[in-house]
Structures are given as C-alpha cells and as structure tokens.
Amino acid sequence: MDLKLDHRTEDRLTIVEVEGEIDVYTAPRLRELLIDLVNKGNFHLLVNMEKVDFLDSTGLGVLVGGLKRVRAHDGSLELVCTQERILKIFRITGLTKVFGIYASVDEAKEAHGKDK
Amino acid sequence: MATVELTFSALPAHVRTARLVATAIARRTGVEESLLDEVRLAVGEACSRAVEAHRAHCPGEPIRIELRDDSGRFEVTVSDQAPSDEQQHEQTYELGMLADPFMSSFGIAVIVGLADDVEVFPSPKGMRIRMSWPAAHNGHPPI
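These protein sequence lines are chains R and Z, in that order. In terms of numbering that gives the first Met the number 0, the first sequence has 65 at position 66, counting the first letter as 1, and numbering is strictly consecutive. In terms of numbering that gives the first Met the number 0, the second sequence has 31 at position 32, counting the first letter as 1, and numbering is strictly consecutive.
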C-alpha cells in the first residue's frame with residue numbers, strides 16, 4: 000500500500016493522519032508535510048499511526064527530524080500507536096523515551112490539554 | 000538447498016518489491032508467521048541502506064539479494080558495491096545525536112535488533128549483510 004496523508008487542526012494541536020507504508024520511498028512525502036506544517040506555524044503535532052502498515056528507520060528519521068524542528072519552537076511531536084509491530088521498532092531503537100506515545104487521539108489530546 | 004537471487008537498481012521504489020519477495024519466500028520456507036514482520040522489516044532496512052549507499056557512490060550498479068533455505072534456516076544476504084567501513088553502533092540514541100536524514104548505521108542497529116542471527120561485513124568494495132531466521136526443515140511444499 001502507498002502512503003496516504005491528511006491533517007487537521009483542533010485547538011492548538013495539529014493531527015496528522017498517516018495510512019500505509021512509511022519507507023525509503025514514501026518517507027520524503029511525510030518529511031515534506033511535517034516541514035510544511037512547521038513552516039506554517041504548527042508547532043504542536045500529533046501523528047496518528049494507527050493505520051500505518053509498515054515503518055522503517057527512514058520513517059523514524061523523518062519523525063525525529065520533525066521532533067527536532069518543533070522543539071526549536073518549543074513545540075511537540077507526539078504519536079498515537081498501539082500496533083505492536085510498529086512499537087517494536089521504537090523500542091529497539093530506544094525512541095520510546097524520545098516520543099510521547101499514546102493509545103488514542105483522545106488520550107493524546109487530553110494529555111496535551113493538561114500540559115497547556 | 001533452494002536459492003533465489005534478485006538484483007535491482009538502486010531506486011527506493013524497488014525496496015518494497017524486495018521486501019515482498021523476501022516475505023513470500025520466508026513464508027514458503029516455513030518461517031513462523033510471527034517472525035514474518037521481522038523478516039520484512041530487516042530485509043527492508045538492509046535494502047534501504049544499500050540503496051542510499053549506491054545512490055551516493057555508484058547509482059548505476061545493481062544491489063543483490065540472495066535468499067536461501069539452508070538446513071532449517073531461512074538466510075538472506077544483501078550485498079552492495081558501495082565502499083564502506085561502517086561498524087555496528089549502539090542501539091539507543093539521544094535526540095541530539097540523530098541526523099535528518101538518519102545515519103545509515105541506524106538501520107543496521109534495527110536489523111541487529113530484529114534478525115535471529117546477523118553478520119555485517121563492511122569492506123572497501125561494498126557491504127554484505129547476512130541475516131537468518133529459523134525455518135521448517137522442509138518448508139512448505141511447492142504448489
């Protein structure tokens with residue numbers, strides 16, 4: 000499956016919906032979207048990965064790059080993910096300590112609201 | 000011993016094809032269903048790393064994958080022709096250490112975390128990554 004991307008803004012949180020495979024071929028599209036969102040002043044991003052079938056280190060690199068960009072603006076980039084196959088690569092690489100990872104968009108929004 | 004060999008141009012679009020072929024052969028060889036995701040990801044990482052290395056050093060040269068059913072193991076070897084002396088790195092990283100795009104050694108760290116058995120052979124003539132997983136001794140019978 001190719002990569003489908005969509006985004007919407009709720010309050011100050013921009014939710015990025017990702018569906019399909021994030022790999023060396025498709026990751027540049029996600030990178031472009033995250034850069035574009037940050038350039039347009041969206042500094043609090045929530046990436047919903049519940050419909051991601053595949054994620055490799057190229058995709059991880061794009062997410063880390065996005066995190067570095069939003070942090071430069073005191074922003075945040077957090078994830079929604081419950082799929083074990085995707086969580087495993089975050090654990091292997093130690094990135095579970097770097098990203099906030101939530102079980103649902105609602106849970107992330109609630110946590111984000113408390114941080115305001 | 001059954002062997003499948005695949006060569007492909009150093010294009011990111013072909014990495015997905017390589018993943019699909021490797022997963023299909025792993026299933027046929029008798030690798031457990033629960034390990035197929037690991038095979039898919041590890042082979043994808045090895046091929047992605049090779050594609051990036053070839054694009055930087057020798058974009059016209061093909062990348063080669065060998066998939067073997069050997070004595071109860073499913074073995075995959077990904078070989079590139081880009082000069083390399085990379086060594087394995089730690090498996091955890093601080094945010095400040097991470098480049099964007101990612102350093103290629105990060106992919107190797109992922110492979111090491113996924114494959115049952117991994118050997119990385121860097122050399123000036125290219126890198127060879129050999130990884131394997133347990134498989135049924137006879138695999139699935141051919142159709």
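Where a beta carbon is used, it is the ideal one built from N, C-alpha and C, also for glycine.
- Interface flag for Z/Glu44 against chain R is set, since a Cβ pair is found closer than 7 Å.
- For R/Asn47, the enclosing beta strand (DSSP E) starts and ends at His43 to Leu54.
- Residues of chain R whose Cβ lies closer than 7 Å to the Cβ of Z/Asp36 are, in chain order, Arg84.
- In the DSSP annotation of this structure, the continuous segment of the beta strand (DSSP E) that includes Z/Ser78 starts and ends at Arg72 to Ser78.
- For R/His6, there is no enclosing alpha helix (DSSP H); the enclosing beta strand (DSSP E) covers residues Lys3 to Glu9.
- Within chain Z, the residues Leu40, Gly43, Glu44, Ser47, Gly106 and Val109 have their CB atoms less than 8 Å from the CB of R/Asp55, given in chain order.
- Residue range Ala26 to Asn38 is occupied by the alpha helix (DSSP H) that includes R/Val37.
- Taking a cut-off of 8 Å for Cβ pairs, the stretch 91–107 of chain R and the stretch 27–43 of chain Z do not touch, as fewer than three such pairs fall below it.
- Excluding five sequence positions before and after Z/Val3, the CB atoms of its chain that fall closer than 6 Å to its own CB belong to Ile24 and Leu66, given in chain order.
- Assigned with DSSP and collapsed to three states, R/Gly19 falls in strand.
- Closest option to R/Leu66, judged by alpha-carbon separation, among R/Ile34, R/Glu9 and R/Thr92: R/Ile34.
- Remark: C-beta atoms of R/Glu18 and R/Leu45 do not approach each other more closely than 7 Å.
- Using a Cβ distance threshold of 7 Å, Z/Ala9 and Z/Arg48 do not count as a contacting pair.
- At a cut-off of 7 Å between beta carbons, R/Val23 contacts chain Z.
- Straight-line spacing of the CA atoms in R/Gly40 and R/Phe98 works out to 20 Å.
- Contact annotation: in the stretch 6–19 of chain Z, residues whose CB is within less than 9 Å of a CB in chain R are Leu10, Pro11, Ala12, His13, Val14, Arg15 and Arg18.
- In the DSSP assignment, Z/Ser131 falls within the unbroken beta strand (DSSP E) covering Arg127 to Pro133.
- Using a 10 angstroms sphere on the CB of Z/Ala12, the tally of other CB atoms stays under 16, which defines it as exposed.
- If you draw a straight line from the Cα of Z/Glu51 to the Cα of R/Arg11, it comes to about 37 Å.
- Residue contact with chain R for Z/Gly112: present (Cβ-Cβ distance below 7 Å to some residue of chain R).
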